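Per my numbering, the sequence shown starts with residue 1, numbered consecutively. Each residue gets a CB set at the ideal place from its N, CA and C atoms; glycine is no exception. Since we're looking at a predicted model, the values are computed, not measured. Okay, so here's the structure we're looking at.
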Amino acid sequence: MFHHKDPLDALNTHLPLKDKLVNAHHVIREKFNFIARIAITLYDPVTRLLKTYIDSSGEDKPLKHYEASLEDAKSLHEILKRGKPRVVNNLVTFEQGKQEHTQRIGRQGYTSSYTMPMFHSGKFVGFLFFNSYETNVFNEKTLKELDIFGHLVSLMVINELTTHKVMSAALKTTSEITHFRDPETGSHLDRMSRYSRIIAQKLAEKYDLDDEYIEHVFMFSPLHDIGKIAIPDTILLKPGPLSDNEREIMNKHTCIGREMIDSIVSNFGLGNMSQIDVLRNIAEFHHEAINGSGYPCGKKGSDIPLEARIVAVADIFDALTSARPYKSAWTNDKAFALLLELAGEKLDIDCVNALIEKRTDVEQIQKQFQEDFYG
């Protein structure tokens, strides 16, 4: 009675989402061996950007580290407008497409595709793609069966994202309580999280970072100072310099933040959440310094997790270029100059250079998320 083996049993385990997608792809290929790639693209409703997230295509990475405005991706925008999946059985019809993503797919050699929009409670989440090197493979009979797998994969991804949202919601609520007391604004978090993302994107090739890691740096970076909720107002809101004893108490917010995250992970049963260590490292180590003079552990150089080095640069740059009741905003040039002075001593030089080289993106973020002291 127990001789049958469930081919999708891996989906019941604590495997990372990427590995689950690869496993699902193997099972799908047993039925439809022409499916060469399954890929997920997520949608950011704030910036209206589509961003590559995970895929099962092994070495085939036609859209690695890619993002585009939904309005610029006209064929995908039409899918969303209709709210229905799209079949293209011969991508030659799209070979004259001007969009970069269309050209990249064509250069990879895919000749047909099936695209499903993903929704959660009526809200658009992203797209699910099935790609093939063969033409005319997505007939009606095939699609009826493939839809079942498509919705299974979609639910798997949404479940993972929902887990992240539960974690983020719990921490964000706490973070918002913190920022009622902290002079930093919500706009600061919007900007520094996006600075973190563009730094990670720029470093992706050198450090072999995948899109899932980059997205998690973006998701988790706003929670870097979560531990400040435990710092007394007399220290957190003090207008002048801190005493040595006060500074020692303030510095404890990194370890407190790590403890809070561990507690929420335990209380909400989120231990199997993908890349949860990225969040832990950001909270605990974003004040470490390359020369070992930082806190809480005095880590040096590459011993400091990359995500913490990224967030440190993003956080400091936005603090410098933001106006506060006690200071004027620095120009980008002045802030970049100081970052370069600190590079190799306090800050990671690769992260500093990555931010400076993405100046156009930095200015666009500053324009979109302008300072707002009232909300």
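Through-space distance from residue j to residue i, alpha-carbon basis
i	j	result
L306	N23	29 Å
R309	L143	46 Å
H164	V265	11 Å
G150	D190	33 Å
K81	L70	11 Å
M192	A314	5 Å
C255	R280	10 Å
G375	A323	At G375 the pLDDT is 42, less than 50, meaning the model places this residue with poor confidence; the figure from the coordinates comes in the next sentence. Going by the C-alpha atoms only, they are around 15 Å apart.
V27	D318	46 Å
R86	I79	7 Å
L339	Y110	44 Å
W330	P7	58 Å
K123	T41	15 Å
A354	F268	36 Å
A343	E67	29 Å
S243	S187	29 Å
M167	N136	43 Å
F376	P16	No information on residue 376 is available, as it lies outside the stretch 1 to 375 that the chain covers here.
H4	G126	35 Å
D348	A204	15 Å
P222	G58	31 Å
S75	H14	36 Å
Y133	N89	10 Å
K238	S302	34 Å
D60	N131	11 Å
D350	N33	42 Å
L297	F220	Correcting the residue identity first, residue 297 is Cys in this sequence and not Leu. Approximately 21 Å, taken between the alpha carbons.
Enclosing beta strand (DSSP E) for residue i [first to last residue]
i	result
N131	K123 to S132
D72	Note, D72: premise wrong, no beta strand (DSSP E); not H, not E.
D44	I35 to D44
R86	R86 to V88
I54	L49 to D55
Residue j beta carbon less than 8 Å from that of residue i
i	j	result
L91	S113	yes
A283	G227	yes
V376	I54	Not covered by the structure: residue 376. The range shown for the chain is 1 to 375.
P45	Q108	no
A10	K20	yes
I290	K346	yes
Y213	V362	no
A230	H216	no
D211	K64	yes
Run of the alpha helix (DSSP H) containing residue i, from where it starts to where it stops
i	result
H120	Segment S112 to H120 is the beta strand (DSSP E) holding H120; no alpha helix (DSSP H) there.
G254	Before going further, note that residue 254 is Thr rather than Gly in the sequence given. Taken as a continuous stretch (DSSP letters only), the alpha helix (DSSP H) holding T254 covers H253 to N267.
F336	N332 to L342
D211	D211 to F220
N23	L17 to K31
L355	I349 to E357
E376	In the structure as shown, the chain starts at 1 and stops at 375, and residue 376 therefore has no counterpart that could be examined.
Any non-hydrogen atom of the ligand GDP within 7 Å of residue i CB
i	result
L203	In the structure on display, the ligand GDP does not appear, and there are no ligands present to speak of.
Specify whether the segment 109-129 and the segment 151-159 touch according to this definition: at least 3 beta carbon pairs, one from each stretch, less than 8 Å apart. yes
Whole alpha helix (DSSP H) elements within the segment 271-312, 4-residue minimum: 276-285
Counting Cβ pairs closer than 8 Å, one from the segment 251-263 and one from the segment 272-281, do we hit at least three? yes
Would the segment 199-218 and the segment 349-359 be scored as touching if the rule is three or more Cβ pairs under 8 Å? yes
Which full runs of the beta strand (DSSP E) of 3+ residues lie inside the segment 224-253, going along the chain? none
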